[in-house]
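Report on the structure given below.
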Amino acid sequence: MDKYELYCQMDPVFYDRIETAVREGSDYPQVSRDVPAGWRGHATDTWMYFMPEGDLPAQGWKIHVSTRLGDAQRVLDVVWEYCLRTKLAFKFLRGEHVLVMHNSKAADRASSGKFVTLYPRDELELERVLAELDPLLEGVEGPYVLSDLRYGDGPMYVRYGAFTERKCLNSSGERVLAVEDGEGTLVPDVRGVAFTVPDWTSLPAFLEPHLAARNAVTLAGLPYTIESVFQFSNGGGVYLARDRDGRQVVLKEARPGAGLDSHGRDAVTRSRHEREMLERLAGLDVVPELVDYFELGGHEFLVEEFVDGNPLQRLLVQKYPLTSATCTEGDLAEYTAWVTEMLPKAERAVAALHDRGVVFGDLHPNNILVTAEGRLVLIDFEVATLAEQEARPALAHPAFLAPADRGGVEADRYALACLTLGLFAPQATITLPLHAGKADHLARLVIEAFPVEPAVIDEAVATLTRSPADTRPRKGLESLDRLVKHGREAWPEVRGDLHHALLASATPERDDRLFPGDVAQFEGSGAVNIATGSAGVLLALYESGAGRFPEYEDWTADRALRPGSGLGLYDGALGVAHVLNLLGDRSRALSLAERCLEEPWQGLELGLFSGLAGMALALTGLGMHEAADAMAAGCAERIGGPRDVPELSGGGRPRAGLMHGSSGVALLFLDAYERHGDPAWLDKAHDAIRQDLRRCVHGPDGSLQVNQGWRRLPYLEEGSAGIAPVVARYLRHRPDEMLALALDELRLVGRARYFVQPGLFSGRAGIIAGLPHDDPNLPELIAGLRWHALPFGGGLAFPGDQLLRLSMDFSTGTAGILHALNSALEGRTLLPFLEPRDGRREPLVTSGGTTP
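Residue numbering for the sequence shown follows the working numbering, beginning at 60 and increasing consecutively.
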């Protein structure tokens, strides 16, 4: 979540990069300082890179310098002078705002603590740099870099890894940073939370004593026996342990300098504060008992009573009925009764804290434990405050964080009101800051869906909203309500509202993005591609009848033609070429495609999103059949048979689904069959589909979904909704009893009535788009878009991934939802090349009433 939180700092409505005006006062002075001749610099939102003339090795032993906030400027002053003098390449986090994010509680544990990175050219320079910098940094303290080997007792750490950006596929089929192994093959540059030396190299001899010192630190001195891990965060681990008497306890570890909150406090500071709060609350049944507090190896441990219960969030996921394809009225009544039993217990627990003068400050379902006997216990008092301080929490779940004008006990009461709505509409309360009237809108949906007493919900809304103006309807929300009530006759109004919001968000004066969307639009080709960029928005606008926008087409084509763009259908230039060709700009489309073919594409991954399958389909759409057939043949050679290992992505758990799995490759083979008539392509499509189906598992409701091990996925990008249309297209050409049964089970996810996100690739809109036009579940699925709908610019918009900000893009936001609705209601194409060559979706015909 930290990446999304970083992009929330600039704009309260959209994800955006940190602009210079925001960084003033936070950036370190070296960001704007000139470097000597012969040096070159490069800036990103987070890092500043400086490199002297000459070649830098592609990989090797690198040095990381860690620091706490108070030492950061001193460290940078020392390293800056040293690196310029010795002509050593380096990078550093550009400002305090980024340093806080990289060391925050939600940050990646593997990268936490890395403030400066230095790139020695060889092992001799590595040894010299460490020896020379060590005394210069004496006294500097910082978080332990878990992935590295510490050099002495100072703030420097070493690890073997990539110096330059090269990528390969990992075992899950994702493109990740890579290094060469001993055979010259690119393999993932694994950045874990433990120091390791790659098999093809060895630890420099001078570092052996430092490794021995590291290995000498053990848990032998711990007065508790750790049995298992509950969770890890950047602030430390939470462990289940036993004391010497055999009593089970919870150990909460605090890492010094790590896990920073918005006030810059580290995990140790908050741990000591939590101890004080638990001492103040001693004796309350709704609070764990404080058992012990001790230090080991520089880390501090709080020991508390083990409460044998489940987090309320886990119980919610297990019990929530609207995500099940077999939900009944009885299920809704049973769940409502459970919620109305939990809410008063939570309110009494918070009131007990207030009676002791303590504000909890971090109320959300993961911080509430419920035992089998029904005891409710609040956990995690790191950010609790005294009521008399009337403070606002420094850390809080975004779905339960009170607005800036609520502090002290009012912040807890706001969170309780969010809990009331959130148990009926999971995660949807994250959107409340985006529109004051959303609380009332959510309340009406909750009362419509569940047999809950309206007074319970109305009381929560009254707490969340300050004035009647907060609850008045807004255009966009009203039109969507009319679509649900009156049916397809209201679709033109909704479509117009979606068009209006998309066009109102455009920023053609900017060079880095045209339509605001996911944070990925600030990387690579993200600003112009189909998934997160302008091409996807132009595609949705054109397909839904809004027409062409030459100024925006020029903006897109100009940037897509710049060097360094990706190649793929959804993440790169060939996708842009497809959209430009669709819009009638064939000349620039062909220029883009020809440039892509000049790149070394043969070793790319196979998937639809960014690999050969999507590229080949884009080329067929441009009439470049020879190149497309060459790519298809390459995919056929590499996909393997139904029992071949490795399969598409390799490894034990390759990705499955339309965008990154074998189904996207099957789509290419089906297209090749429809063009050439050779049944061998059907055989290959069958093999690819079977590969994805073997990665699926049945849910309790009988639906077939992609199995990720820790969760099941129903979505279009990587789930059953994306596999189903490919199976259906195959069955048009060849009957198959097993695949027909699988298709029915894949489509069962359409019976679910609630999805956490609304978007096309990983949310409700993708479920809508993946179903046939006559599916009886479509009306209710479309009605469910109201859970996340928000007004914007006099129109209708939707939040993107993580729900923290609005998104206008194709994969996560408003453009994709427009495209899905247009597909369902007008019978237009679902996704590029997904429909059969001789087929066309028919519009969803309705007669009004309660079906759209």
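Idealized CB from N, CA, C, for every residue including glycine. Remember, predicted model here, so these are calculated numbers, not experimental data.
Original post:
Is the beta carbon of M215 sitting closer than 8 angstroms to the one on V276?
Top reply: One-based indexing of the sequence shown puts residue 215 at position 156. One-based indexing of the sequence shown puts residue 276 at position 217. Not in contact: M215 and V276 (Cβ atoms no closer than 8 angstroms).
**OP:** Compute the distance between the beta-carbons of L639 and E612, then report whether it is under 8 angstroms.
**Re:** Residue mapping note: residue 639 aligns to position 580 of the sequence shown, counting from 1. Residue mapping note: residue 612 aligns to position 553 of the sequence shown, counting from 1. It is a contact, given that the beta carbons lie within the stated cut-off.
**OP:** Rank F254, P116, T145 and M160 by C-alpha distance to the C-alpha of E224 and give the top, closest one.
**Re:** Counting from 1 along the sequence shown, the entry for residue 224 is found at position 165. Of F254, P116, T145 and M160, the residue nearest in Cα terms is P116.
Original post:
Where does N274 land, buried or exposed, given buried means 16+ other C-beta within 10 angstroms?
Top reply: Residue 274 sits at position 215 when you count from the first residue of the sequence shown. The residue in question, N274, is exposed, as its Cβ has fewer than 16 Cβ neighbours within 10 Å.
**OP:** Would you please state the rounded distance, in angstroms, between the beta carbons of Y629 and G673? I believe it to be under 8 angstroms.
**Re:** Position 570 of the sequence shown, counted from the first residue, corresponds to residue 629. Position 614 of the sequence shown, counted from the first residue, corresponds to residue 673. Sure, about 6 angstroms apart at Cβ, within 8 angstroms.
**OP:** Return yes when the Cβ of G576 is within less than 8 angstroms of the Cβ of D15, no when it is not.
**Re:** Within the shown structure, residues of the chain are numbered from 60 to 911, placing residue 15 beyond reach of any answer.
**OP:** In angstroms with no decimal places, state the Cα-to-Cα distance between G886 and Y63.
**Re:** For the purposes of this step, residue 886 is taken as residue 827 along the sequence shown, with counting starting at 1. For the purposes of this step, residue 63 is taken as residue 4 along the sequence shown, with counting starting at 1. Taking the straight line joining both Cα atoms gives about 35 angstroms.
Subject >> Option nearest E191 by Cα separation, candidates Y203, Y210, V72 and A842 >> reply: The sequence position of residue 191 within the sequence shown is 132, counting from 1. Of the listed residues, the one whose Cα sits closest to E191 is Y210.
Subject >> G251 versus G172 - alpha carbon distance >> reply: For this step, residue 251 is matched to residue 192 along the sequence shown. For this step, residue 172 is matched to residue 113 along the sequence shown. Whole-angstrom Cα-Cα distance: 13 angstroms.
**OP:** For the region 407-421 and the region 430-448, state whether three or more C-beta atom pairs, one from each stretch, are separated by less than 8 angstroms.
**Re:** yes
Subject >> Inter-residue Cα distance where the pair is G119 and R180 >> reply: Locating residue 119 in the sequence shown gives position 60, where the first residue counts as 1. Locating residue 180 in the sequence shown gives position 121, where the first residue counts as 1. Each residue's alpha carbon lies about 8 angstroms from the other.
**OP:** Give the range of the beta strand (DSSP E) segment to which F668 is assigned.
**Re:** In the sequence shown, the residue the question calls residue 668 occupies position 609. From DSSP, F668 is part of no beta strand (DSSP E); its letter is neither H nor E.
**OP:** Please confirm whether G716 and I782 have their CB atoms less than 8 angstroms apart.
**Re:** Residue 716 sits at position 657 when you count from the first residue of the sequence shown. Residue 782 sits at position 723 when you count from the first residue of the sequence shown. Yes, Cβ-Cβ distance for G716 and I782 is below 8 angstroms.
Original post:
Which of the three DSSP states, helix, strand or coil, is assigned to K62?
Top reply: Numbered from its first residue, the sequence shown carries residue 62 at position 3. Here K62 sits in helix by DSSP.
Original post:
What are the residues that DSSP puts in a beta bridge with I427?
Top reply: Residue mapping note: residue 427 aligns to position 368 of the sequence shown, counting from 1. Paired residue(s): L437.
**OP:** Please state whether DSSP places P701 in a helix, a strand or coil.
**Re:** Here residue 701 refers to the residue found at position 642 when the sequence shown is read from its first residue. Only weak support is given to the placement of P701: the predicted model assigns it a pLDDT of 49, under 50, and the value that follows is read from those uncertain coordinates. Coil.
**OP:** Using 10 angstroms around the beta-carbon of I748, count the other beta-carbons present and answer buried if the total reaches 16, otherwise exposed.
**Re:** Within the sequence shown, numbered from 1, the residue matching residue 748 stands at position 689. Buried, because 16 or more other Cβ atoms sit within 10 Å of the Cβ of I748.
Subject >> 7 angstroms Cβ shell around G294 - same chain, five flanking residues per side excluded >> reply: Numbered from 1 along the sequence shown, position 235 holds the residue referred to as residue 294. Excluding positions up to five away in sequence, the list reads K164, A313, R314, A317, G318 and A326.
Original post:
Is the beta carbon of V587 sitting closer than 8 angstroms to the one on Y74?
Top reply: As a working mapping, residue 587 is identified with position 528 in the sequence shown. As a working mapping, residue 74 is identified with position 15 in the sequence shown. Going by C-beta atoms, V587 is not nearer than 8 angstroms to Y74.
Original post:
DSSP state of S383, grouped into three classes?
Top reply: Translated into positions along the sequence shown, residue 383 becomes position 324. In the structure shown, S383 sits in coil (DSSP, three-state: anything other than H, G, I, E or B).
Original post:
Where does F109 sit, in a helix, a strand or coil, going by DSSP?
Top reply: For the purposes of this step, residue 109 is taken as residue 50 along the sequence shown, with counting starting at 1. Correct three-state label for F109: strand.
Original post:
Helix or strand or just coil, what does DSSP make of L310?
Top reply: By 1-based counting over the sequence shown, the position of residue 310 is 251. L310 falls in the strand class under three-state DSSP.
Original post:
Any idea if A221 is buried or exposed, counting beta-carbon neighbours within 10 angstroms, 16 or more meaning buried?
Top reply: Here residue 221 refers to the residue found at position 162 when the sequence shown is read from its first residue. It is buried - the Cβ of A221 has at least 16 other Cβ atoms within 10 Å.
Subject >> Between the CA atoms of R451 and C477 - distance to the nearest angstrom >> reply: On the sequence shown, residue 477 is found 418 positions in, with the first residue counted as 1. On the sequence shown, residue 451 is found 392 positions in, with the first residue counted as 1. Their Cα atoms are separated by approximately 16 angstroms.
**OP:** Determine the extent of the beta strand (DSSP E) in which A300 is found, giving its start and end residues.
**Re:** In the sequence shown, the residue the question calls residue 300 occupies position 241. First-last of the beta strand (DSSP E) with A300: G295 to R301.
**OP:** Use the C-beta contact count for I876: other C-beta atoms within 10 angstroms, 16 or more gives buried, fewer gives exposed.
**Re:** The sequence position of residue 876 within the sequence shown is 817, counting from 1. I876 should be labelled buried.
**OP:** Mind the definition here: the region 415-430 touches the region 464-471 only if three or more C-beta pairs lie below 8 angstroms; say whether that holds.
**Re:** yes
**OP:** Could you have a look at C755 and say whether DSSP puts it in helix, strand or coil?
**Re:** As a first step, residue 755 must be located in the sequence shown, where it is residue number 696. Of the three classes helix, strand and coil, the one that applies to C755 here is strand, per DSSP.
Original post:
Going by the CB atoms, is the gap between F459 and T490 shorter than 8 angstroms?
Top reply: Numbered from 1 along the sequence shown, position 431 holds the residue referred to as residue 490. Numbered from 1 along the sequence shown, position 400 holds the residue referred to as residue 459. The answer is no: Cβ separation not under 8 angstroms.
Original post:
Which of helix, strand or coil does DSSP assign to E901?
Top reply: By one-based count along the sequence shown, residue 901 stands at place 842. Unreliable positioning characterises E901 in this predicted model, as indicated by a pLDDT of 42, which lies under 50. The coordinate reading is nonetheless provided below. Three-state result, E901: coil.
**OP:** Give the secondary structure of G342 by DSSP, where H, G and I count as helix, E and B as strand, and everything else as coil.
**Re:** Your numbering for residue 342 matches position 283 in the sequence shown. Note: G342 maps to coil in three-state DSSP.
**OP:** Look at the Cβ atom of S912, then the Cβ atom of G631, and state whether they are nearer than 8 angstroms.
**Re:** The question about residue 912 has no answer, for the chain in this structure spans 60 to 911.
**OP:** Could you check the C-alpha separation between T522 and P462 for me, to the nearest Å?
**Re:** On the sequence shown, residue 522 is found 463 positions in, with the first residue counted as 1. On the sequence shown, residue 462 is found 403 positions in, with the first residue counted as 1. Cα to Cα, T522 sits roughly 12 angstroms from P462.
Subject >> Close beta carbons around A856, own chain, < 6 angstroms, minus the five adjacent residues each side >> reply: Within the sequence shown, the letter at position 797 stands for residue 856. If we look at A856 and ignore the five residues flanking it on each side, its Cβ neighbours are A560, L849, L865 and T873.
Original post:
Among F109, T105 and P88, which one has its Cα closest to the Cα of W98?
Top reply: Position 39 of the sequence shown, counted from the start, is the residue given in the question as residue 98. That would be F109, whose Cα lies nearest to the Cα of W98.
Original post:
How would you write the range of the alpha helix (DSSP H) that M683 sits in, first residue to last?
Top reply: For the purposes of this step, residue 683 is identified with residue 624 of the sequence shown, where counting begins at 1. Premise fails: M683 is in no alpha helix (DSSP H) and is neither H nor E.
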